[in-house]
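Report on the structure given below.
Chains as they are written, first to last, in the working numbering: chain A, 1 to 189; chain B, 1 to 136.
See the structure below:
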């Protein structure tokens, strides 16, 4: 019961934070609000017993992503420039999409339902066999690192690829390719 | 940040603890919540905090951008290497059971290595991202 109340309050706060981010024209404040949003998400994950995910969300979402936002803002500017206009076709598309998503929610199994394919297909095998096959006390680690090793390999590659992508777009390629800022600095010194 | 005396002192105290906690999360991932992803991110957060307080140039002196790039690739290669080692030992790709004489010990060894690979790649990539966005 307590957890339900906490979940309810957290979800309400998430909603308020999302509205605040949407209304905010100062991008510095908006970045800070996204950090707060991530931190509340992390709390929600703790309530859902997904501590590993909460860990990542708190460190990446609330920590590093916020810093990257701020780093970008330091390069671009802290105020949103475009004016806010209400677009009627856009509103209709959003309403239709939202309505379809809510309609689709009817097919989603209830939270904690034991008879869903997710719970019945492989989860039981993992829970039964992990203690003898892998013998690692943390079931999450044994699934993530061993049973689902391919997926984790893919995820690691995705992160690596993301790093390469950022390097190619923003990174300094070497001493020959210097950004405008570097050249300006050199002229000053 | 030269004049933020309190911030610098607090960061000096916190950064070693953050790194220690990251190592704990990395190597305690078999027993409690955590693992390579979480540890890598926390480890990178320690470096990024250093960069925020003392300046990106000082952080570049501590960890050279070239080193970070190489480490990001090394983590993925370590992960793939463990998979190929499993193939060479007569199992499938990423089958750790064949890495040691005892299948369970092989699993532990494999998980330790691939988690290390994940941690190294994640931490390095986060620092790469910070370097790319945080220009002086």
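Glycine included, every Cβ here is placed at the ideal spot set by N, Cα and C.
Residue 122/A and residue 62/B have their C-alpha atoms spaced approximately 46 Å apart. Between residue 22/B and residue 11/B, the CB-CB gap reaches or exceeds 7 Å. Contact note: residue 37/B reaches chain A through 56, using a C-beta cutoff of 7 Å and chain order.
Put simply, the CB of residue 52/A is near chain B, with a gap under 7 Å to one of its CB atoms.
Residue 88/A and residue 94/A have their C-alpha atoms roughly 10 Å apart. The residues 57, in chain order, have a CB closer than 6 Å to that of residue 41/A in the same chain once the five nearest residues on each side in sequence are set aside. At the C-beta level, residue 30/B and residue 136/A come within 7 Å of one another. The beta carbon of residue 109/B sits closer than 8 Å to those of 96, 99, 100, all from its chain and outside the five residues before and after it, given in chain order.
Against chain B, the beta carbon of residue 34/A has no neighbour under 7 Å; the closest one sits roughly 15 Å away. Residue range 103–133 is occupied by the alpha helix (DSSP H) that includes residue 108/B.
When DSSP reads this structure, residue 26/A sits in a beta bridge with 79/A. Residue 118/B reaches chain A at 152, 156, counting residues in chain order whose Cβ is nearer than 7 Å.
Below the 7 Å Cβ cutoff, chain B contributes 29, 30, 35, 111 as neighbours of residue 141/A, in chain order. Here DSSP, grouped into helix, strand and coil, assigns residue 52/A to helix. Following the DSSP letters along the chain, one finds residue 1/A in no alpha helix (DSSP H), marked with neither H nor E. In the structure shown, residue 60/B adopts helical secondary structure according to DSSP, grouped into three states. In chain order, 99 place their CB closer than 7 Å to the CB of residue 85/B, counting only its own chain and leaving out the 5 sequence neighbours on each side. Closest in C-alpha terms to residue 27/A, from the list 74/A, 170/A, 145/A, comes 74/A.
Annotated three-state conformation of residue 64/A is helix, per DSSP.
Following the DSSP letters along the chain, one finds residue 85/A in no alpha helix (DSSP H), marked with neither H nor E.
Under the three-state reduction of DSSP output, residue 92/B falls in the coil class, being neither helix nor strand.
With respect to the C-alpha of residue 113/B, the residue from 146/A, 13/A, 38/A, 67/A having the closest C-alpha is 146/A. The beta-carbon distance between residue 91/A and residue 43/A, rounded to whole angstroms, is 32 Å. This is too long to meet the 8 Å contact definition. Taken through DSSP and simplified to helix, strand or coil, residue 135/A comes out as coil. Contact fails between the segment 108–115 of chain A and the segment 58–72 of chain B, because fewer than three Cβ pairs, one in each stretch, are under 8 Å apart. Proximity of residue 132/B to chain A, defined by a Cβ-Cβ separation below 7 Å, is satisfied. By the rule that beta-carbons nearer than 7 Å mark a contact, residue 60/A touches chain B.
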